[in-house]
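Input: a single structure, listed below in structure tokens.
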Amino acid sequence: MKYLIIGAGPSGLTFANRLLDNGIDDFLVLEKEDEAGGLCRSAMVDGYPLDIGGGHFIDVRRPKVNEFLFRFLGEDEMNRYDRITKIRVSGVRIDYPFEANIWQLPIEDEIRHLKSIAAAGVNTGREMPESFRDWIIWKLGRSVAEDYLIPYNEKIFSVDLNTLGTYWMNKLPDVSFEDTLRSCLTKQPYGTLPGHASFYYPKKYGSGELWLRMSERIKDHIEYGVCIKDIDLKGRSVSDGRYKADIIINTAPWTSFENIKGASGGFMDCVSKLEHSSIVVKYLPDTEDEEVNWEYIPAPDIDMHRILYRNTFAEGSKGSWAEINTKRYKAKDGDTAFISDYAYPLNTVDKPEAIKAVLDEAASNNVYGLGRWGEWEHYNSDLVVELAMGLADRLMS
Ligand SMILES: Cc1cc2nc3c(=O)[nH]c(=O)nc-3n(C[C@H](O)[C@H](O)[C@H](O)COP(=O)(O)OP(=O)(O)OC[C@H]3O[C@@H](n4cnc5c(N)ncnc54)[C@H](O)[C@@H]3O)c2cc1C
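In the numbering used here, the protein residues as written are 134 to 530.
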């Protein structure tokens, strides 16, 4: 065929639909699961939707993406919410983001953080460290780093934080001592509101509904239950030559292939440098209804790093679900839990160079990496939709 697409997550589904929009139907999507949607799939648990790859909310900020998505699931089939999220720290709950809301903490913690921000490397002109853990202390001050961002990142990724680079946090704004002091004295947040301030959530069947609708349109072009284990870059084929195409779009993790043929030694070396972390999503039936959509939990002695109260976004529902790194999860009898092996691409120090080499060599063979795993980036679904539309348009032209 002309196009072979590996993976029917948001990236693969968007790419395929974009082809069809342009009258191209010579394509096939291969998906290892028996349902489309990838990390954005949902399931009915206790009568209501639960997002099995973690809480998935659709950002509203990309008009072209919205226009594309609303064709499959109308805006009137989703609820739009203004995000209410908290951080559980120092025995209280404060608004997100932490730096802007230190004024909500007990007074002794406010004083401790203010002293530490005043002494932060970024505010005193100390040289910027290169490793992640040291960089966080330099950027936010020791006490904010140690109470919040360090334990939170240790929980979500469960790796030595100094193996991560700092390049992906560069957009984190500097925390100014004067602004934090003013915020504490006037008891008001400072700075700009974080992204994702509003989001959509489907009225029926959770985040998975959108992607199921998208898969419906191309159902004659998807084969489910096909897990690709080998890919031949030069021959542009997979599964021992069983499927062959002019162009291959790979949205699956490069590291999930047992065998990559036609690749240079350097390519294989770079693939071996790509790391990821895994999560468990566990249903908690007994939580009280809440007003907060979700809470971030940095405390090391609690297994989950985030809890989501579904009554706030899945109409009529009750209960909550927890996101837990699989290394921290201790299964108990009777748990309702879903594991995503590939949840977060790790932003290790040498990742940018490694993934660039992989993408360049693959593309020189007309094999393109796309999406969260194809490009090994912390992309959200609205962004992968935009990227998939862009790649399809580029290749078709
Ligand atoms: C905890 C968590 C919370 C998130 N929250 C949000 C959010 O609120 N909003 C948001 O927009 N985004 C969110 N994201 C990001 C979102 O999950 C991704 O942007 C999106 O899933 C990327 O789509 P994708 O198609 O690139 O990858 P995936 O969704 O991972 O899809 C890849 C597909 O490839 C298939 N596949 C894998 N290997 C093979 C193989 N060897 N052969 C065949 N098929 C294969 C998989 O089964 C899957 O269907 C979150 C992610 C996580 C982990």
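Beta carbons are placed, not taken as given, at the ideal position from N, Cα and C, and that holds for glycine.
Quick caveat: nothing in here was measured; it's all calculated off a predicted structure.
No heavy atom of ligand 1 is found nearer than 8 Å to the CB of S175. By the criterion of at least three beta-carbon pairs nearer than 8 Å, the segment 134-147 is not in contact with the segment 413-423.
By the Cβ-count criterion, K320 is exposed, with fewer than 16 other Cβ atoms from all chains shown falling within 10 Å of its own Cβ. Sorting R245, L297, Y462, L345 by C-alpha distance to the C-alpha of F265 places L297 at the top. Listed in chain order, the alpha helix (DSSP H) elements of length 4 or more contained wholly in the segment 378-433 are 398-405.
About 5 Å separates the beta carbons of G170 and G341, which is inside the 8 Å limit, making them a contact pair.
Taking every protein chain shown into account, the CB of A330 has fewer than 16 other CB atoms within 10 angstroms, so this residue is exposed.
The beta-carbon separation of I139 and I382, rounded to 7 Å, stays under the 8 Å limit for a contact. Taking 4 residues as the minimum length, the segment 429-496 contains no alpha helix (DSSP H) run wholly inside it.
Annotation: the continuous alpha helix (DSSP H) that includes E519 extends over 514-529. The shortest C-alpha to C-alpha distance from A278 to any of W301, P182, L247 is the one to L247. Judged by DSSP secondary structure, S249 falls within the alpha helix (DSSP H) whose first and last residues are 240-251. The straight-line gap separating the alpha-carbon atoms of K367 and F390 is approximately 15 Å. Judged by DSSP secondary structure, L282 falls outside any alpha helix (DSSP H); it is assigned neither H nor E. Between I283 and G274, the alpha-carbon positions lie close to 11 Å from each other. V255 has its alpha-carbon roughly 11 Å from the corresponding atom of S249. From the listed residues K288, I244, F290, M302, the smallest Cα separation to I270 is found for M302. With respect to the 9 Å criterion, E408 and V517 are not classified as neighbours on the basis of their beta carbons. Under the three-pair Cβ rule at 8 Å, the segment 434-446 does not count as touching the segment 368-388.
One Cα belongs to H438, the other to K451, and the distance between them is close to 20 Å.
Segment contact: the segment 352-365 against the segment 225-232, fewer than three CB-CB distances shorter than 8 Å; contact not assigned. Distances from the CA of E241 to each of C317, Y323, D419, V491 were compared; the closest alpha carbon is that of C317. An exposed status is given to R194, since fewer than 16 other beta-carbon atoms sit within 10 Å of its beta-carbon. Scanning L479, D373, E164 for the CA closest to the CA of I393 turns up D373. Note that the C-beta distance between V491 and G504 is not below 9 Å. Here Y300 carries a helix assignment [DSSP, helix/strand/coil]. Here DSSP, grouped into helix, strand and coil, assigns G187 to coil. Within the model, the alpha-carbon separation for M211 versus Y334 is close to 5 Å.
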